[in-house]
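Position one of the sequence shown corresponds to residue 3 (this note's numbering), numbered consecutively onward.
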Amino acid sequence: MAPDDSRTWRFQDEPPDAALAGFSFAKTGRGRPGRWVVTIDDDAPTRDHVLAQVDTTRPATASTPSR
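Pasting the structure below:
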């Protein structure tokens, strides 16, 4: 995605513990898809509603490219 094509999603109006309407999620590799819901995180930098993977069998991981 080019820098000028960036998008911001806000989840403040979404109900907590519910799947996000209008979004679809996919998986890579084997296993089942993760469960993603809007949840409350009081430490979030922008208010408190965040999108989180809450599937306990496969925790979400993130990586950054090595230089």
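Glycine residues also receive a C-beta, built at the ideal position from the N, C-alpha and C atoms.
Burial state of V56 (16 or more Cβ within 10 Å): Exposed is the call here.
Beta strand (DSSP E) segment containing T41, residue limits: For T41, the enclosing beta strand (DSSP E) begins and ends at 38-42.
Spatially closest choice to R37 from T48, A54, A23, G31, by CA coordinates: Of the candidates T48, A54, A23, G31, the one whose C-alpha sits nearest the C-alpha of R37 is A54.
Straight-line Cα distance separating D50 from T10: So the two alpha carbons sit approximately 15 angstroms from each other.
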